[in-house]
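Residue numbers (my numbering): 223 to 366. Take a look at the structure below.
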Amino acid sequence: MINIDEHIPSLINYCQNNQHIIAMYLYGFYGTKYQTPLSDVDLAVILDLKKDFNLADQLELHAEICEVLREDDVNLTVLNRAPLTMMFKVISTGCLIYERDPQAVNNFHERVFKEYRDFSLDLSRFQREFDVSLREAYLNGQQR
Numbered sequence: 223m224i225n226i227d228e229h230i231p232s233l234i235n236y237c238q239n240n241q242h243i244i245a246m247y248l249y250g251f252y253g254t255k256y257q258t259p260l261s262d263v264d265l266a267v268i269l270d271l272k273k274d275f276n277l278a279d280q281l282e283l284h285a286e287i288c289e290v291l292r293e294d295d296v297n298l299t300v301l302n303r304a305p306l307t308m309m310f311k312v313i314s315t316g317c318l319i320y321e322r323d324p325q326a327v328n329n330f331h332e333r334v335f336k337e338y339r340d341f342s343l344d345l346s347r348f349q350r351e352f353d354v355s356l357r358e359a360y361l362n363g364q365q366r
């Protein structure tokens, strides 16, 4: 099973030396009772996108983080560019392991929570309607 605990201080040091990273979260199954030998490590970052940061930079960041953790099975999500539902999941369930700029992180959280609150009503309605349409199409409208 993957264990990156001993490398977390090195990861934090890496974040401190990378001016693009505003915050980093550990989320997903790693370190929970749901972790299995097939589990990966899920990390998410909030980046300072005022600075130029393209796909090549993102791939380089991912490779460097894998090197620091000495682990290849790492998923890296750039929260600034993620779907709203993913942003909400990470900041509401993840563990903040590094924070360069608390004010920027708070502003990001506030924006995500506000947008998600507005969006979640539409999302719930869509999911209910989708569920009904699936039942009609495949179960003749019956509950299973």
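Just so it is clear, CB atoms sit at the ideal spot from N, CA and C, and this is done for glycine as well. Given the structure is predicted, the values throughout are model-derived calculations rather than measurements.
- For residue 354, is the classification buried or exposed, using 16 other Cβ atoms within 10 angstroms of its Cβ as the cut-off for buried? Stepping through the sequence shown from its first residue, residue 354 is reached at position 132. Result: exposed.
Among 320, 298 and 280, whose alpha-carbon lies nearest the alpha-carbon of residue 232? Here the question's residue 232 lines up with position 10 in the sequence shown. For residue 232, the nearest C-alpha among the options comes from 320.
Give the single residue among 235, 287, 280 and 361 whose Cα lies nearest to the Cα of residue 303. Residue mapping note: residue 303 aligns to position 81 of the sequence shown, counting from 1. The option with the nearest alpha carbon to residue 303 is 280.
*asked:* What does the alpha-carbon distance come out to for the pair residue 268 and residue 262?
replied: Counting from 1 along the sequence shown, the entry for residue 268 is found at position 46. Counting from 1 along the sequence shown, the entry for residue 262 is found at position 40. Their backbone Cα atoms lie some 20 Å apart in a straight line.
Query raised in the report: Three-state secondary structure (DSSP) at residue 328?
Result: By 1-based counting over the sequence shown, the position of residue 328 is 106. Helix, per DSSP.
Exercise for review: Identify the continuous alpha helix (DSSP H) that holds residue 315 and give its terminal residues.
Suggested key: Indexing the sequence shown from 1 puts residue 315 at position 93. Here the alpha helix (DSSP H) through residue 315 covers 306-315.
Going by the CB atoms, is the gap between residue 287 and residue 257 shorter than 9 Å? On the sequence shown, position 35 is the one that residue 257 refers to. On the sequence shown, position 65 is the one that residue 287 refers to. Going by C-beta atoms, residue 257 is not nearer than 9 Å to residue 287.
Worksheet item: Is residue 348 buried or exposed, if buried means 16 or more other CB atoms sit within 10 Å of its CB?
Response: Along the sequence shown, one-based indexing puts residue 348 at 126. Residue 348 should be labelled exposed.
#### Entry: In DSSP terms, what residue 320 is bridged to
Start at 1 with the first residue of the sequence shown, and residue 320 comes out as number 98. Bridge partners of residue 320: 246.
**OP:** Report all residues from its chain with a CB closer than 7 Å to the CB of residue 341; omit the five preceding and five following residues, and keep chain order.
**Re:** Position 119 of the sequence shown, counting from 1, holds the residue named residue 341. The residues are 306.
**Study point:** DSSP three-state assignment for residue 268, whether helix, strand or coil
**Key:** Within the sequence shown, the letter at position 46 stands for residue 268. If DSSP states are grouped into helix, strand and coil, residue 268 belongs with the strands.
Open item on the list: Give me, in chain order, the residues of the same chain whose beta-carbon lies closer than 7 Å to that of residue 310; leave out the 5 immediate sequence neighbours on both sides.
Closed with: Residue numbering aside, residue 310 sits at position 88 when the sequence shown is read from its first letter. 334 and 338.
*Just how far apart, CA to CA, sit residue 344 and residue 308?*
Taking the first residue of the sequence shown as position 1, residue 344 is located at position 122. Taking the first residue of the sequence shown as position 1, residue 308 is located at position 86. Rounded to the nearest angstrom, the two C-alpha atoms are 16 Å apart.
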